[in-house]
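Residues in the sequence shown are numbered from 1 upward in steps of one, following the working numbering. Where is the CB? At the ideal position from N, CA and C, for every residue including glycine. Below: the structure, in structure tokens.
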Amino acid sequence: MELDWRAPVDDFSGIDLVLLGTAWDYQDHFAEFLQKLVALEKAGIVVCNPADVVRWNGDKRYLKQLADAGIPTIPTLWLDDAGRSDIAIALDAFEAPRVVVKRQVGAGGLGQQAFSHDALPQPGWRMGLPCMVQPFLPSVVEEGEYTFVFIDSEFSHGVLKRAGKDDYRIQSLYGGYECDYAPEPADLASAQAVISALPFSDPLYARIDMARLPTGELAVMEAELIEPYLYPEQGPRLGELLASAVVKRLR
Ligand SMILES: Nc1ncnc2c1ncn2[C@@H]1O[C@H](COP(=O)(O)OP(=O)(O)O)[C@@H](O)[C@H]1O
Ligand SMILES: [Mg+2]
1 MELDWRAPVD DFSGIDLVLL GTAWDYQDHF AEFLQKLVAL EKAGIVVCNP
51 ADVVRWNGDK RYLKQLADAG IPTIPTLWLD DAGRSDIAIA LDAFEAPRVV
101 VKRQVGAGGL GQQAFSHDAL PQPGWRMGLP CMVQPFLPSV VEEGEYTFVF
151 IDSEFSHGVL KRAGKDDYRI QSLYGGYECD YAPEPADLAS AQAVISALPF
201 SDPLYARIDM ARLPTGELAV MEAELIEPYL YPEQGPRLGE LLASAVVKRL
251 R
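As structure tokens, then:
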């Protein structure tokens with residue numbers, strides 16, 4: 001059964017477990033979304049992933065916490081807002097030819113922009129939101145972004161996401177596409193280290209997105225624990241793993 005997350009709690013009566021699906025508008029209504037998940041839990045419904053996990057994962061500042069735990073991350077400048085001069089400063093600070101700026105609370109590449117010294121924002125430009133600035137990793141275009149899907153902390157499958165020819169973003173919306181990917185042991189270990197560093201145990205599902213740093217190691221781009229697309233086309237074991245993880249929580 002499928003229900004809109006905005007449906008009243010009463011509409012969920014008789015339901016034991018809620019699996020978050022394609023709630024792809026939560027970014028702009030995060031407090032409201034979270035409130036609903038808490039209300040469902042108060043009504044005795046198992047929410048996957050739980051509200052606490054969603055709260056932690058909704059703000060990309062969790063990346064700082066992962067970095068503190070020793071996980072390789074992309075160097076990041078955290079700002080309450082950004083203007084043209086912040087972008088120029090970031091380009092210099094990272095000694096990078098190009099930087100990307102993205103929302104701290106965001107998904108799907110929403111509001112994300114790339115700048116270089118030759119293509120700075122317009123003088124009056126403001127991001128208008130808490131944001132993060134990172135050096136642009138050329139590996140994302142040259143080799144792609146790696147996804148690792150975990151169910152109950154068990155590796156299900158990998159996906160290599162490549163950018164299309166007209167954009168650096170790997171999302172299909174921008175021309176990106178996916179390939180099967182069987183990770184090398186060292187790369188899988190990097191993803192597993194992210195799972196181990198999460199401040200809670202065994203989320204039902206977790207998607208770890210990674211990109212290669214110039215040093216050759218994989219850095220976490222994001223840990224998606226809210227409503228990730230899990231790439232079932234590339235994951236023959238996904239259905240079975242998901243089903244047993246759900247059953248385990250219903251006992
Ligand atoms: N530092 C970076 N270097 C190169 N590409 C990036 C960088 N950060 C993000 N991207 C591109 O933008 C996409 C969206 O960024 P991401 O951090 O995953 O945010 P979202 O939550 O919007 O998916 C990534 O999948 C990748 O293609
Ligand atoms: Mg992403």
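When DSSP states are grouped into helix, strand and coil, Lys60 belongs to the coil group. The three-state secondary structure of Ile195, taken from DSSP, is helix. Bridge partners of Asp209 according to DSSP: Thr147, Glu222. Per DSSP, the unbroken alpha helix (DSSP H) holding Ala93 starts and ends at 84-94. Here Leu19 really is in contact with Val246; their C-beta atoms are around 7 Å apart, less than 8 Å. Excluding sequence positions up to five before and after Gly176, its CB lies within less than 7 Å of the CB of Lys161, Arg162, Ala163, Gly164, Arg169, Ile170, all in the same chain and listed in chain order. For Glu217, the shortest C-beta to heavy atom distance toward ligand 1 is 7 Å or greater.
DSSP assignment within the segment 111-172 yields the following whole beta strand (DSSP E) runs of 3 residues or more, N-terminal first: 113-116, 131-135, 145-151, 154-162.
Beta-bridge partners of Thr73 (DSSP): Val220.
Here Val159 has Thr147, Glu178, Tyr181, Tyr231, Gln234 as same chain residues with Cβ atoms under 6 Å from its own Cβ, once five neighbours each way along the sequence are excluded.
Listed in chain order, the alpha helix (DSSP H) runs fully inside the segment 14-69 are 30-42, 51-57, 62-68, counting runs of at least 4 residues.
Under the 8 Å Cβ criterion, the segment 78-90 does not count as touching the segment 35-50, having fewer than three qualifying pairs. Annotation for Glu240: the continuous alpha helix (DSSP H) segment containing it runs 238-250. Per DSSP, reduced to three states, the secondary structure at Val9 is helical. Contact between Val9 and Ala31 is ruled out by a C-beta separation of about 16 Å, above the 8 Å threshold. Excluding residues up to 5 positions away in sequence, Met132, Gln134 lie with their Cβ nearer than 6 Å to the Cβ of Thr76 in the same chain. When C-alpha distances from Asp68 are compared across Glu227, Tyr229, Val194, the shortest belongs to Val194. Pairing Glu184 with Asp167, the inter-Cα distance amounts to about 27 Å. Residue environment for Phe200: exposed (fewer than 16 other C-beta atoms within 10 angstroms of its C-beta).
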